[in-house]
Every structure is written in structure tokens, then in C-alpha cells.
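K.L.:
Reminder that position 198 of the sequence shown reads as 1674 in our numbering, one-by-one numbering, no gaps.
After the C-alpha cells below, expect a handful of questions from me.
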Amino acid sequence: MENNYSVFDIVGPIIIGPSSSHTAGACRLAGAARAIFNKPVSEVVIHVYGSFAATLRGHGTDKALVGGVMGISPDDERLTHALVIAREMGLKYQFVVEEEATAQPNLARFEMRSAEGAEMSVSAASIGGGNIIVTRINSTDLEISLKYNTLIVDHLDKPGAVLSVARILADNHINIASMNMYRQGKHGRAYMIIETDQIIEPDVLKSLRQLEDMYVIYIPQLY
């Protein structure tokens, strides 16, 4: 029986900070939220739950979350100065400590806004060893690990939507490792989450983004 373990599952990631879950994981999930928003963040309200709420400043989770929103990686020494850097860059941030119990003990919800007024809510959790899972985009519950090259396709739920995306990937010899569909209701907005073995090149992304009524976000393998 094959075990799909990586070295990070055994020894953990290289990080700045005391905790893989509360520092590296927090930084990564914030970076994932930023990547999914796919726009420069000018304002963010970060809701923290469970142990994130309990250890927000004690483990440097506050710095990790703000740093990740700015695109700072878990092994970057700037992470320890993330709050100062945020103020220098003009990023407005606010923390809200939530008492609500959640299924994930290390959960954060990012309410992000761009300078142009675009808004998005992304929830994600740190699940140990620096690993993360995205659990919600706006009002849609889903599951994204970002352990593979990942396409997030926001689209109208209609016949042929999946086929049109799959055909472009197949024509460019890109193998789909997994595909999941999430929707709120029939014929409404939906999310297509596709993990691929290969990197998706810019010309392929251009073809995908020309599909009607689809908004495509591409996130290369996070770790």
C-alpha cells in the first residue's frame, strides 16, 4: 500500500516562528486567501477562531496572518515585522476574536477589500505541520488543499461548463489529478476545483479565461 507522505509531513516546514500550525500554517492560509482574491488587498478584517483566537499574539499568529495577506512566506525573516511592514505599506487590518466553536480548531476568515472596491471572503484552516485547507469562498463551502497546481473556476452552473474546461486541459496534455464541484443551487454560481499534475502555462490560462461566464484563478503548488 502506497503512503502519500512528503518530507513536510514528517519533519515539518522551514519557518520563522514557534509553531508550524500557528505560524507557518497561519501564514500559508493567509497567502492562500490572498491568491484566491487575486487582487492587491488594501483592507482586511481577519476573524480568528479556536486556538488561533486563544494564541493570536502569543505565538505570533497575528504577524503570520497579516504577513501572509501581504505575500510574505513562512520562512521569510520579514514575517516577524509584518505588522510594521503592513502599516508602512498602508494595509489596513483588523482582528476579530470569535468565540463560536468550529469544526477546525485553527480557523481564520478573511474579509478582503481592494482599493477599487472589490470584496471577497475566504475561510481557511491550519491542520498541522504547516498544512492548510481552504473551507469556504464567500458563501460556498468547499475544500481546497493547494498541495497541487490548482485551478479555481467560478462559473455559472450549466451543461457543458466542465467539459469546456476539461477539453482545453486535455488538448494541452495537462493531466487532471482531481476535480470537485461545489454549488449553492441549481443553475447558480458554482466553483470548479481542479488539481493538475503539470504547471499550467500562461497561454493555456489565456484560453481558459476566454471561456464565457467563467472567472479563472490559478495557484501553482503551494508546498
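The C-beta atom is built at its ideal place from N, Cα and C for all residues, glycine as well.
How many angstroms separate the CA atom of glutamate 1519 from the CA atom of isoleucine 1512?
P.N.:
Near 15 Å, if we compare the C-alpha coordinates of isoleucine 1512 and glutamate 1519.
K.L.:
Thinking C-alpha only, which one of Asp1633, Ile1669, Ser1599 is nearest tyrosine 1624?
P.N.:
Closest by alpha carbon: Ile1669.
K.L.:
Nearest-angstrom Cα distance between valine 1542 and valine 1610?
P.N.:
Roughly 17 Å separates the two Cα atoms.
K.L.:
Are there three or more Cβ pairs, one per stretch, closer than 8 Å when the stretch 1612-1629 is compared with the stretch 1535-1555?
P.N.:
Not touching, per the Cβ criterion.
K.L.:
Using a Cβ-Cβ cut-off of 6 Å (strictly less than) and excluding sequence neighbours within five positions of glutamate 1595, which residues of its own chain qualify?
P.N.:
These residues qualify, in order along the chain: Arg1589.
K.L.:
With a threshold of 6 Å on Cβ separation, who are the neighbours of cysteine 1503 within its own chain once the five nearest residues in sequence on each side are excluded?
P.N.:
Only Ala1540, Gly1543, Gly1544, Pro1550 meet the Cβ criterion.
K.L.:
Using only alpha-carbon positions, find the residue among Gly1593, Glu1677, Thr1578 that is nearest to histidine 1649.
P.N.:
Comparing Cα-Cα distances from histidine 1649 to each of Gly1593, Glu1677, Thr1578, the minimum goes to Glu1677.
K.L.:
Quick one: using the 10 Å Cβ neighbour count with 16 as the cut-off for buried, is asparagine 1480 buried or exposed?
P.N.:
Its pLDDT being 48, under 50, asparagine 1480 is placed unreliably by the model, and nothing is read from it.
K.L.:
With 16 as the cutoff for other CB atoms within 10 Å, does asparagine 1656 come out buried or exposed?
P.N.:
Asparagine 1656 is exposed by the Cβ-count criterion.
K.L.:
Closest to valine 1692 by CA distance: which of Asp1673, Gly1661, Leu1632 is it?
P.N.:
Checking every option, the nearest Cα to that of valine 1692 belongs to Leu1632.
K.L.:
Select from Gly1536, Thr1499, Ile1695 the residue whose C-alpha is nearest the C-alpha of aspartate 1673.
P.N.:
When each option's Cα is compared against that of aspartate 1673, the closest is Ile1695.
K.L.:
To the nearest angstrom, how far is it from the Cα of glutamate 1592 to the Cα of valine 1517?
P.N.:
Going from the Cα of glutamate 1592 to the Cα of valine 1517 covers about 10 Å.
K.L.:
Rounded to whole angstroms, what's the CA-CA distance from threonine 1499 to arginine 1585? Just pull it up for me.
P.N.:
If I take the Cα positions, the gap works out to 16 Å.
K.L.:
Using alpha carbons as the reference points, say which of Leu1681, Leu1622, Glu1671 lies closest to glycine 1501.
P.N.:
When each option's Cα is compared against that of glycine 1501, the closest is Leu1622.
K.L.:
Please list the segments of the beta strand (DSSP E) lying wholly inside the stretch 1588-1671, counting only runs of 3 or more residues, in order along the chain.
P.N.:
Taking only runs of at least 3 residues, the beta strand (DSSP E) segments lying wholly in the stretch 1588-1671 are 1595-1604, 1607-1613, 1616-1620, 1625-1632, 1652-1659.
K.L.:
Rounding to the nearest angstrom, what Cα-Cα distance links glycine 1507 and aspartate 1647 in this structure?
P.N.:
Glycine 1507 and aspartate 1647: Cα-Cα distance of roughly 31 Å.
K.L.:
Taking all protein chains shown into account, do 16 or more other C-beta atoms lie within 10 angstroms of the C-beta of glycine 1536, making it buried, or fewer, making it exposed?
P.N.:
Buried, by the Cβ-count rule.
K.L.:
How many whole angstroms separate the CB atoms of valine 1524 and valine 1573, which I take to be in contact at a CB cut-off of 8 Å?
P.N.:
With 8 Å as the limit, valine 1524 and valine 1573 qualify as a contact, their Cβ atoms being about 6 Å apart.
K.L.:
Excluding the 5 residues preceding and the 5 following serine 1654 in the sequence, name in chain order all residues of the same chain whose CB lies nearer than 6 Å to its CB.
P.N.:
Cβ within range, chain order: Glu1671.
K.L.:
Quick one: what's asparagine 1514 bridged to in DSSP?
P.N.:
Paired residues: none, contrary to the question.
K.L.:
Tell me, please, which residues DSSP counts as bridged to glutamate 1575.
P.N.:
The partner list for glutamate 1575 (beta bridge, DSSP) is empty, contrary to what the question assumes.
K.L.:
Distance, Cα to Cα, leucine 1567 vs asparagine 1514?
P.N.:
Taking the straight line from one Cα to the other gives about 16 Å.
K.L.:
Identify the continuous beta strand (DSSP E) that holds methionine 1690 and give its terminal residues.
P.N.:
1690-1695 is the span of the beta strand (DSSP E), which, as asked, contains methionine 1690.
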